[in-house]
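Since the structure comes first, as C-alpha cells, the remarks are kept for the end.
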Amino acid sequence: MSEPGNRPPGVELLHEGAAAHNRGDLTEALRIFEHAADTTTDGVRTSALVNAASVYDELGDHEGAVTRYRAVLGEIPGDAVEKRASALINYSQALQHLGALDEAQDALEQARTLLADADELGVLRVSCLLSLTAVASYRAQWNRAIDIATESLNTALRFTPELAGYSLMNLAVAYFETGRRDLGVDFARQALTAFTEAGNHNALADTQQNLAQIFLRLDRLDEAGELVEAAQLYYERTGLSHRTGIGWKIRGFLAERRGDLDRAQEWYRRSLDHFQASGALLDVAALQCRLATIEFAYGRVGAGQQLLDGSFIIYAERGLGSECAKLDYWHAVLLEMVIDDLEEPAPELVALGRALSVTAAIAIDAVRYTLPSGSRREQWHREIAEPAMRLAFRFAHLCQDGALLADLIETRCAGTTVDIDRAQPVERPQFPLDTPNPPAVTELPGPLQLGAALAQVAASAGLPVAPPPRLAVEPGARIALADYIEAAEHRYGGKFREDRVIPA
916 MSEPGNRPPG VELLHEGAAA HNRGDLTEAL RIFEHAADTT TDGVRTSALV
966 NAASVYDELG DHEGAVTRYR AVLGEIPGDA VEKRASALIN YSQALQHLGA
1016 LDEAQDALEQ ARTLLADADE LGVLRVSCLL SLTAVASYRA QWNRAIDIAT
1066 ESLNTALRFT PELAGYSLMN LAVAYFETGR RDLGVDFARQ ALTAFTEAGN
1116 HNALADTQQN LAQIFLRLDR LDEAGELVEA AQLYYERTGL SHRTGIGWKI
1166 RGFLAERRGD LDRAQEWYRR SLDHFQASGA LLDVAALQCR LATIEFAYGR
1216 VGAGQQLLDG SFIIYAERGL GSECAKLDYW HAVLLEMVID DLEEPAPELV
1266 ALGRALSVTA AIAIDAVRYT LPSGSRREQW HREIAEPAMR LAFRFAHLCQ
1316 DGALLADLIE TRCAGTTVDI DRAQPVERPQ FPLDTPNPPA VTELPGPLQL
1366 GAALAQVAAS AGLPVAPPPR LAVEPGARIA LADYIEAAEH RYGGKFREDR
1416 VIPA
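Per the working numbering, the sequence shown runs over residues 916 to 1419.
Written out as C-alpha cells, the structure reads:
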C-alpha cells in the first residue's frame, strides 16, 4: 500500500537527500541516497541509485560514478523514458569528466531520442542539450556548441525557464571562444545575476569560477581573483574535489601571471592532486601544460617536455586534434623562449621547434575555414592563426631553411604582417588557461529576456568556406609544404588542405 498522497514508500528519503544536496552537504546527501537505495524498491530505489552516482561524480570519484551508472542503467527498462533518460544524461557527465567523449555523446544521443516526443519532460530535454553543448565545447566544435546552446535556450524558455541560465553560460563560453568576447562576458554576467537572485549556491560558485577564467583571458586579474576566492571558499567547505582543483589551478595561474612562479607551482600541484585523484584526465592534461611552462621558465626543459608529452597522449587518445595542435604550438613557443636565452642553442631544439610550429600552424590556420562568418574567420586569423604562422616563419628562419620559407611565403598563410627580424621581437603570446568549464546542470530561476534576445542576434547566418587547395610550386610542380601537411593530418587527425591542386 502506498503512503498518504499515493507517494511510493521511501520517496521522502529522496526529498531529504535533495535538501541536503541543495544546502551543500554532499556527504549527508550521499548517505541518505545510499540508505534509500538499500531500503526501497522499484522506482524510488532506481532514483536513489542515480542520485548517489551523481553525488559520487560531484565529489570527484568519476570512476565510481561511471561504475554505478552502468549498473543502474542495466536495471532500468527501455520503456521507462524519464528514468532512463535521466540516468543517461547523468552518466554522460561522469564520462565527460573522464574524457570519454565518444561514450558521453552516445549516451546523450540515446537520451535525446527517448525525449524527442516527451514534451512533459522539458527539464530533461534542456539538461540533455546542455550536456551535448558541453561535449561540443570539449571538442572545440564551437559552431555546433552555439547551435545546441541556442536550441537549449529556446527549449528552456518553452518548457522550463528556470534552467535557461545554464544555456546563457554555455553561450557565454562558446561566443568568447569564437572571438565575441563582449557578448561572452555579457552572457556570463547574466548567468551570475540569475544564480545570485535564485540563491542557487552550487550554480553561483560554478559561474564565479567560469567568469574568473574569462576575466583571466582578458587580463582583468583583480576581478578574476575576487571571483575565484569566493568560489573556493564554497568548494572547500562542501568538499567538491574537482571544482576545488579548478580553483587551485586558477589561483596558480593568477600567481604565474603576477610573476610568483614558486607559489604558482605549489598551487598547480595542489590542483593536479585533486584532478588525478578524481580521474579528470582532461583537466590533468591542461594542468600539466601549466606546470611545463614553469619548468621551462626555470630552465628544466626535459622535465617540461615530459609533462607536455603526457598531455599530448591524453588528448590524442581521445581524438582531440585541436588540443594537440594548440599544445604543439605552445611547446614551440616555450622552445623559442629557451633558444632566445642561449648564445648557441642545440640544433635539435631548433629542429624540433620547426617541426612543431609548422605542423601546428597548418592545423590552427585550417580552423578558420570551418567558421561560418567572415568576421569570425578574420578574427581567428588575426588573433590565433597569424601568431602561430609567425612562429613557423621564425623557426624556418632560425633553421636557415630556405625551401620552407619559400613555401610559407607561397601559401601566404601568415598574412602580410610577418616579422622574423630578431631585432624587432614580437611580444610572446599568452597560452589560454583553458576553456571555461561548461556548467553542470542544476536548477535556476532568473532573468531571461536580454539573454534570449542576444542569443538570437548572435546566431546570425553565415556560410563556412572550403579549406585552401594544395599549391604546386616550381621546380617540378611539387606541393608546397607537402611533408608538413601530411605530418599535421597524421598527427592531429584532420583534413587541412583540399585534394585540389592549383599552380602557385
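Built from N, CA and C at the ideal position, the CB exists for glycine as well.
#1: Straight-line CA distance for Ala1060 to Leu929?
#2: Going by C-alpha distance, which of Thr942, His950, Leu1396, Leu988 is nearest Gly925?
#3: Alpha carbon to alpha carbon, how far is Pro1354 from Ser1046?
#4: Could you tell me the distance, in whole angstroms, from the CA atom of Asn1085 to the CA atom of Leu1068?
#5: Report buried or exposed for Met1252, applying the criterion of at least 16 other Cβ atoms within 10 angstroms of its Cβ.
#6: Does DSSP put Ala1387 in a helix, a strand or coil?
#7: Which whole runs of the alpha helix (DSSP H) in the segment 1221-1306 are 4 residues long or more, in chain order?
#8: Using 8 Å for Cβ pairs, my map puts Ala1146 next to Gln1124. What's the rounded Cβ distance?
#9: Please say whether Ala967 and Leu941 have beta carbons closer to each other than 8 Å?
#10: Quick one: complete alpha helix (DSSP H) runs, 4+ long, within the segment 1155-1232?
#11: Taking all protein chains shown into account, decide if Leu1010 is buried (16 or more other Cβ within 10 angstroms of its Cβ) or exposed.
#12: Could you round the C-beta distance between Ile1279 and Ala1300 to whole angstroms and report it? I think they count as a contact, below 8 Å.
#13: What separation, rounded to the nearest whole angstrom, lies between the Cα atoms of Ser1226 and Thr1153?
#14: Around the Cβ of Pro1302, are there at least 16 other Cβ atoms within 10 angstroms (buried) or fewer (exposed)?
#15: Kindly indicate which three-state DSSP category Arg1393 falls into: helix, strand or coil?
#16: Between the Cα of Gly1409 and the Cα atoms of Gly1140, Tyr1284, Thr1122, Leu1202, which residue gives the shortest distance?
#17: Identify the residues that DSSP records as bridge partners of Pro1418: which are they?
#18: My parser needs the alpha helix (DSSP H) runs of 4 or more residues fully inside the segment 919-987; what are they?
#19: With distances taken between CB atoms, is the gap from Val1143 to Ile1129 smaller than 8 Å?
#20: Distance check for Trp1295 and Ala1261, CA to CA, integer angstroms please.
#21: For the alpha helix (DSSP H) holding Glu1018, just list the boundary residues, first then last.
#22: Could you tell me how far apart the beta carbons of Ala964 and Ala980 are, in whole angstroms, since I believe they sit closer than 8 Å?
#23: Would Arg1096 and Leu1131 qualify as a contact pair, given that the criterion is a beta-carbon distance under 8 Å?
#24: Label Thr982 either buried or exposed according to how many other C-beta atoms from any shown protein chain fall within 10 Å of its C-beta, with 16 as the threshold for buried.
#25: What do you reckon, are the CB atoms on Leu1119 and Gln1105 nearer than 8 Å?
#26: Can you give me the start and stop residues for the alpha helix (DSSP H) that Gln1105 sits inside?
#27: Less than 8 Å between the C-beta atoms of Ser1001 and Leu1023, yes or no?
#28: Identify the continuous alpha helix (DSSP H) that holds Gln1315 and give its terminal residues.
#29: Classify Leu1369 as helix, strand or coil using the three-state DSSP reduction.
#30: Output needed for Ala1170: all residues of its chain with C-beta closer than 7 Å, excluding positions within five of it in sequence on either side, in chain order.
#31: Output needed for Leu1271: all residues of its chain with C-beta closer than 7 Å, excluding positions within five of it in sequence on either side, in chain order.
#32: Looking only at its chain, what residues have a beta carbon closer than 7 Å to the beta carbon of Leu1250, apart from the 5 residues adjacent to it on each side?
#33: Skipping 5 residues on each side, what residues in its chain have a beta carbon closer than 8 Å to that of Ala1387?
#34: Taking a contact to mean a Cβ-Cβ separation below 8 Å, would you say Gly1219 touches Ser1186 in this structure?
#35: Taking just the CA atoms, how far does Leu1313 sit from Gly1037?
Well, looking at it:
#1: 33 Å
#2: His950
#3: Annotation note: pLDDT 39 at Pro1354 (below 50); position unreliable, coordinate value reported separately. Looking at the two C-alpha atoms, the distance is approximately 9 Å.
#4: 10 Å
#5: exposed
#6: strand
#7: 1236-1255, 1262-1282, 1289-1295
#8: 5 Å
#9: no
#10: 1156-1172, 1176-1193, 1196-1212, 1216-1232
#11: buried
#12: 5 Å
#13: 29 Å
#14: buried
#15: strand
#16: Tyr1284
#17: Ala1387
#18: 926-937, 941-954, 957-973
#19: no
#20: 33 Å
#21: 1016-1030
#22: Going by the sequence as given, residue 964 is Leu instead of Ala. 11 Å between Cβ atoms; not a contact.
#23: no
#24: exposed
#25: no
#26: 1096-1113
#27: no
#28: First-last for Gln1315: undefined, no H or E at that position.
#29: With a pLDDT of only 41 at Leu1369, under the threshold of 50, the placement of this residue in the model should not be trusted, and no figure is reported.
#30: Arg1178, Ala1179, Trp1182
#31: Asp1243, His1246, Ala1247
#32: Leu1264, Leu1267, Gly1268
#33: Arg1393, Ile1394, Ala1395, Val1416, Ile1417, Pro1418, Ala1419
#34: no
#35: 59 Å
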